[in-house]
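For the sequence shown, UniProt numbering assigns the number 1 to the initial residue and increments by one for each residue that follows. By construction, the Cβ of each residue, glycine as well, lies at the ideal position given by its N, Cα and C atoms. Note that the structure is a prediction, hence the values are computed from the model and not measured.
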Amino acid sequence: MKAAVYYKNGGPEVLRYEDVPDPQCHPKGVVIRVEAVSIEGGDTLNRFRGPLVTHPHIVGYQAAGEVVEVGAEVTTLKVGDRVCTTGAFGSHAELRAVPARTAWKIPDGLSTKEAAVIPVTFGTADDCLFEFGRMKKGEVVLVQAGASGVGVAAIQLAARAGASMVLATASSDERLEKLKAYGLTHGINYRTHDVVQEVMRLTDKKGCDVIVDSVGGPTLQSSILSLAYRGRVSMVGQAGREPMTVDVGSMMGGNRSLSGVFLGAEINTDRVQANIQRLIGDVAKGELKVLIDREFPLSQAAEAHRYIESRQAVGRVLLIP
Ligand SMILES: NC(=O)c1ccc[n+]([C@@H]2O[C@H](COP(=O)([O-])OP(=O)(O)OC[C@H]3O[C@@H](n4cnc5c(N)ncnc54)[C@H](OP(=O)(O)O)[C@@H]3O)[C@@H](O)[C@H]2O)c1
């Protein structure tokens, strides 16, 4: 099969489009013919500095397509089923092998491309807001990096859950403008405004009840300083690629909390399995939307990664084998 691979970490230029052996089907897994790869923030981060657990390495968490092989112990899926899948690596390819537990059936009426985006983005955003952020109706939510894949999902989920205000940050006004259609109340351009000051101005000095932070580094400090009394930060990523040096000194007096969130640690639980299937259904019903910014052929994976890192994408970029 063809795949986008790399032999060493680095910028988008390390990606090559090459012939590699087809993946083997595990007895508890399936192999799919990939129709759409959703490039995750974790994929660009792993390409930059993650371990190369295969050689050459095929990066990538998420892809959707048709089941072409089913492991001997799998009873829940059959050849021909359309599924969206998540795995630790291997999405940037014509074929991918995944555990059957992380392959969710795509309902009729939902496109394979849209489904490719759902599990990690919506699954993660949902856990950040509700499981770990304990968000309730009427609360103020801030989504750092609102134009990211996780961000677009979090804005919609917070708005749907009845947040009194959904705030989000991004690197330009144009990016923030596009988020209004997804439930954003106020956008904060962090290149032109101080985030903490803006949050306090917009919330009448109260601060935010729940903050989803997938950027980390100095951004995490601004999240901590933007918290309301009893506010909660869900720290879920390091898109900013800067060291996590934060001062948590202000948290005790305000009874505030900071939780780390890692979907991968809970993706095999019945709770998350069911949650992701429910979120897929919500998109199929039109209650939630997938925002696809642009598509590239798989052979142009390097260009696609470069485009994402140019910070122009709002929502997801797809690769099509
Ligand atoms: N823990 C988990 O379970 C989990 C699950 C999913 C994702 N994640 C992590 O969450 C982070 C975001 O994932 P995603 O898929 O939402 O990412 P994404 O769609 O690629 O977006 C990342 C966003 O981060 C912002 N950003 C800030 N500093 C950046 C920098 N130095 N380089 C690139 N982007 C930067 C950019 O928005 P602006 O230009 O507007 O600032 C960009 O849109 C990643 O670190 C990922 O690994 C973790």
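Using only alpha-carbon positions, find the residue among the options that is nearest to residue i.
{"i": "residue 336", "options": "111, 227 and 117", "result": "For the chain, the structure presents residues 1 to 321; residue 336 sits outside this window and is missing."}
{"i": "residue 10", "options": "107, 302, 71 and 36", "result": "302"}
{"i": "residue 13", "options": "26, 39 and 44", "result": "44"}
{"i": "residue 181", "options": "169, 55 and 156", "result": "156"}
{"i": "residue 247", "options": "220, 170, 26 and 309", "result": "220"}
{"i": "residue 3", "options": "70, 254 and 91", "result": "91"}
{"i": "residue 97", "options": "60, 152, 130 and 222", "result": "60"}
{"i": "residue 42", "options": "237, 315 and 178", "result": "237"}
{"i": "residue 106", "options": "21, 17, 279 and 6", "result": "279"}
{"i": "residue 245", "options": "232, 218 and 234", "result": "218"}
{"i": "residue 263", "options": "129, 137 and 208", "result": "129"}
{"i": "residue 95", "options": "291, 62 and 118", "result": "62"}
Can you determine whether any heavy atom of ligand 1 sits closer than 7 angstroms to the C-beta of residue i, and answer yes or no?
{"i": "residue 262", "result": "yes"}
{"i": "residue 171", "result": "yes"}
{"i": "residue 325", "result": "Only positions 1 to 321 of the chain appear in this structure, which leaves residue 325 out of reach."}
{"i": "residue 147", "result": "yes"}
{"i": "residue 174", "result": "no"}
{"i": "residue 233", "result": "no"}
{"i": "residue 45", "result": "yes"}
{"i": "residue 241", "result": "yes"}
{"i": "residue 237", "result": "yes"}
{"i": "residue 295", "result": "no"}
{"i": "residue 42", "result": "yes"}
{"i": "residue 151", "result": "yes"}
What is the DSSP secondary structure of residue i, counted as helix, strand or coil?
{"i": "residue 124", "result": "helix"}
{"i": "residue 259", "result": "strand"}
{"i": "residue 85", "result": "strand"}
{"i": "residue 339", "result": "Residue 339 is absent from the structure shown; the chain starts at 1 and stops at 321."}
{"i": "residue 346", "result": "This structure cannot speak to residue 346, because the chain is shown only from 1 to 321."}
{"i": "residue 209", "result": "strand"}
Could you name the residues that DSSP lists as bridge partners for residue i?
{"i": "residue 59", "result": "Beta-bridge pairing links residue 59 to no other residue."}
{"i": "residue 286", "result": "Its beta-bridge partners do not exist; DSSP assigns none."}
{"i": "residue 186", "result": "167"}
{"i": "residue 3", "result": "18 and 93"}
Kindly say whether residue i, judged by its beta-carbon, lies nearer than 8 angstroms to any beta-carbon of chain D.
{"i": "residue 111", "result": "Given the protein chain composition of this structure (a single chain), no chain D is represented."}
Three-pair Cβ contact test at 8 angstroms for the segment 229 to 236 versus the segment 205 to 213: The segment 229 to 236 vs the segment 205 to 213: in contact.
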